[in-house]
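A.B. asks: Below: one structure in structure tokens.
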Ligand code: FAD
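Residue numbers (full-length UniProt numbering): 3 to 468.
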């Protein structure tokens, strides 16, 4: 064995360009670096880490069945990777290390340092474009990155059509090595990881993808915004950790649309996957995004409220706005939140409580099982109107109207705010004082109209600033 493939947020054997191409040169080994201190610094949730460990164990077992050794290096931080990988290469005589690049600043620095270090010890590196559907930078006619999604999407779609790559084949069986790397130490699985909801089994994940594409994808546009029903794919934790490949998703979309280009071009689900590429590519073009800075520099001047009590109420789902509370409790109990609710809760925190979007971004990362830096940062900056192609600042979601529209019968609210179960009809969206008392449910922590005016005035004050 002379080839080593380094897996990061692409914990899979299938549809993996580096695994596939490295094996064409010679037999391969795999390596995964565990860097818990770094992940903690990046606010990654215990649930996401637990899923990562489960996926890694599963991958190690599947790789062993194919005679592919999989080393697990237990490190602390990204800065430990260069030396540890180099030592591994020297010990096992690996001559080339392959990986798919990652775009956020710390990841990019880690990759640069590792490449330099390997070069010093005489090991070659083969680096691939990031793990996206369209992995090459999607640029405008001036060779610049797009700052608005719609033209990005048009160019993305035409680039994709001109170069559809089918998923890479699963690796071949190898001659079993004489000694296999030691077994991966078992980690305590954090209680917040709901294994029942997010199994780490590749076959189940793949079936989930195909089931969604066969049965739900066609109606996705019409039904996706209603959180009471499972009408979105819920593949995000697997996409965040790379347990399923982007070309596998594309293949499922194209196949279930009968290979008809007009049909799959119109797929709204594909468009959501393009948002994923958009935000990831932005990270590469604008390193400031990885440094907690807003995309729109003038919004640095906003003076956010420091209201610990209100923030706590938001985190715990006790704001007195049933849809917001149900959403936050869904996050706290399951590690996942529906997209419409992410927008409602983020708008509530940033526009109505006027709390800094970075506070919400961090809380989401700390609790989401699908916490993914680019998508989360993009979603928060979109909601707070500080980001690239963000919601206009005067667009402030009215939580009660959103609730009436997207959870009309209160089915979702009652699931996560059971104290409101006795309410019927429209009152579920905004119970009156005596109903709140009867249910033991708090009064609204803000007055929507006043809070909205406050936020709009604060953004108005920015006019003329740079
Ligand atoms: P589907 O509707 O089935 O979409 C398929 C896939 O497309 C998703 O799994 C995801 O990988 C991608 N996707 C969908 N919408 C978006 C989007 N707006 N931006 C980027 N990618 C998208 N998504 C994350 O994966 N991780 C996050 O940490 C994250 N944080 C968010 C924070 C906020 C404030 C907002 C508004 C959105 C956030 N999103 C995040 C995007 C989106 O809410 C989730 O991807 C989606 O809810 C996941 O559910 P699903 O897998 O059923 O998605």
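A virtual CB, placed ideally from N, CA and C, is assigned to each residue, including glycine. Quick caveat, the model's predicted, so the values are computed rather than measured.
Given a threshold of 16 other Cβ atoms within 10 Å of its Cβ, counted over all protein chains shown, does residue 150 qualify as buried or as exposed?
C.D. replies: exposed
A.B. asks: In terms of residue numbering, what span does the alpha helix (DSSP H) encompassing residue 384 cover?
C.D. replies: Start and end: 375-385.
A.B. asks: Just checking residue 234 against the ligand FMN - is the residue's beta carbon closer than 6 Å to any of the ligand's heavy atoms?
C.D. replies: With respect to the ligand FMN, the structure offers nothing, as its ligand set consists of the ligand FAD.
A.B. asks: I'd like to know whether the C-beta atoms of residue 93 and residue 36 end up nearer to each other than 7 Å.
C.D. replies: no
A.B. asks: What are the complete beta strand (DSSP E) segments, minimum 3 residues, inside the segment 85-150?
C.D. replies: 98-102 and 126-130
A.B. asks: If you follow the beta strand (DSSP E) that residue 30 is in, where does it begin and where does it stop?
C.D. replies: 30-36
A.B. asks: Within the chosen definition, does the segment 16-24 reach the segment 167-180 through at least 3 CB pairs nearer than 8 Å?
C.D. replies: The segment 16-24 is in contact with the segment 167-180.
A.B. asks: State yes or no: is the C-beta of residue 374 nearer than 6 Å to some heavy atom of the ligand FAD?
C.D. replies: yes
A.B. asks: Please report how far the alpha carbon of residue 282 lies from the alpha carbon of residue 156, in whole angstroms.
C.D. replies: 17 Å
A.B. asks: Give the list of continuous alpha helix (DSSP H) stretches no shorter than 4 residues that lie fully inside the segment 289-366.
C.D. replies: List check, alpha helix (DSSP H) in window: 310-318, 324-336 and 341-349.
A.B. asks: Tell me, to the nearest whole angstrom, how far the beta carbon of residue 250 is from that of residue 211; I am working on the premise that it is less than 8 Å.
C.D. replies: 7 Å
A.B. asks: By Cβ distance, which residues of its chain are closer than 7 Å to residue 414, with the 5 residues on each side in sequence left out?
C.D. replies: Within the same chain, and ignoring the five residues on either side of residue 414 in sequence, the residues whose Cβ sits closer than 7 Å to its Cβ are 229, 230 and 328.
A.B. asks: What does the Cβ neighbour count give for residue 427, buried or exposed, with the cut at 16 atoms within 10 Å?
C.D. replies: Taking all protein chains in view, the Cβ of residue 427 is surrounded by fewer than 16 other Cβ atoms within 10 Å, so the residue is classified as exposed.
A.B. asks: Got a sec, what are the start and stop residues for the alpha helix (DSSP H) residue 253 sits in?
C.D. replies: Counting along the chain, the alpha helix (DSSP H) containing residue 253 begins and ends at 248-258.
A.B. asks: Residue 50 and residue 380 - do their beta-carbons sit closer together than 7 Å?
C.D. replies: no
A.B. asks: With C-beta atoms as the reference, is residue 134 less than 7 Å away from residue 279?
C.D. replies: yes
A.B. asks: Is it the case that the Cβ atoms of residue 196 and residue 336 are separated by a distance below 7 Å?
C.D. replies: yes
A.B. asks: For residue 12, count neighbouring C-beta atoms within 10 Å of its own C-beta (all shown protein chains included) and say buried if the count is 16 or more, exposed if not.
C.D. replies: buried
A.B. asks: Taking residue 216 as the reference, give the member of 89, 245, 101 and 254 with the closest Cα.
C.D. replies: Shortest Cα-Cα distance from residue 216 to any of 89, 245, 101 and 254 involves 254.
A.B. asks: So, using beta-carbon positions, are residue 271 and residue 222 closer together than 7 Å?
C.D. replies: yes
A.B. asks: Where do the ends of the alpha helix (DSSP H) carrying residue 469 lie?
C.D. replies: In this structure the chain extends from 3 to 468, so residue 469 is not present and cannot be described.
A.B. asks: By DSSP, does residue 21 sit in helix, in strand, or in coil?
C.D. replies: helix
A.B. asks: Between the alpha carbons of residue 264 and residue 377, how many angstroms are there, rounded?
C.D. replies: Going from the Cα of residue 264 to the Cα of residue 377 covers about 27 Å.
A.B. asks: Between residue 365 and residue 317, which are expected to be in contact by the criterion C-beta below 8 Å, what is the C-beta distance as a whole number of angstroms?
C.D. replies: 6 Å
A.B. asks: Helix, strand or coil for residue 441? Go by DSSP, reduced to three states.
C.D. replies: helix
A.B. asks: So who's on the other strand from residue 73, going by DSSP bridges?
C.D. replies: Answer is 33.
A.B. asks: If you check the beta carbons only, do residue 360 and residue 294 fall under 7 Å apart?
C.D. replies: With contacts defined by Cβ atoms closer than 7 Å, residue 360 and residue 294 form a contacting pair.
A.B. asks: Give a single yes or no on whether residue 378 has its beta carbon closer than 6 Å to a heavy atom of the ligand FAD.
C.D. replies: yes
A.B. asks: Starting from residue 68, follow the beta strand (DSSP E) in both directions and report where the run begins and ends.
C.D. replies: Segment: none, residue 68 is in no beta strand (DSSP E) and carries neither H nor E.
A.B. asks: When we look at the beta-carbon of residue 58 and count the other beta-carbons within 10 Å, is it buried (16 or more) or exposed?
C.D. replies: The residue is buried, with at least 16 neighbouring Cβ atoms inside 10 Å.
A.B. asks: What is the rounded straight-line gap between the Cα of residue 382 and the Cα of residue 393?
C.D. replies: If you take the alpha carbons of residue 382 and residue 393, they lie about 10 Å apart.
A.B. asks: Here's a check: name, in chain order, each residue in its chain whose Cβ is nearer than 7 Å to the Cβ of residue 137, leaving out the five neighbours to either side.
C.D. replies: 131
A.B. asks: Cα separation between residue 56 and residue 96?
C.D. replies: 27 Å
A.B. asks: Residues in the same chain with beta-carbon distance under 6 Å from residue 453, minus the five sequence neighbours each way, listed in chain order, please.
C.D. replies: 354
A.B. asks: Does DSSP classify residue 419 as helix, strand or coil?
C.D. replies: coil
A.B. asks: Put residue 398 into one of helix, strand or coil per three-state DSSP.
C.D. replies: coil
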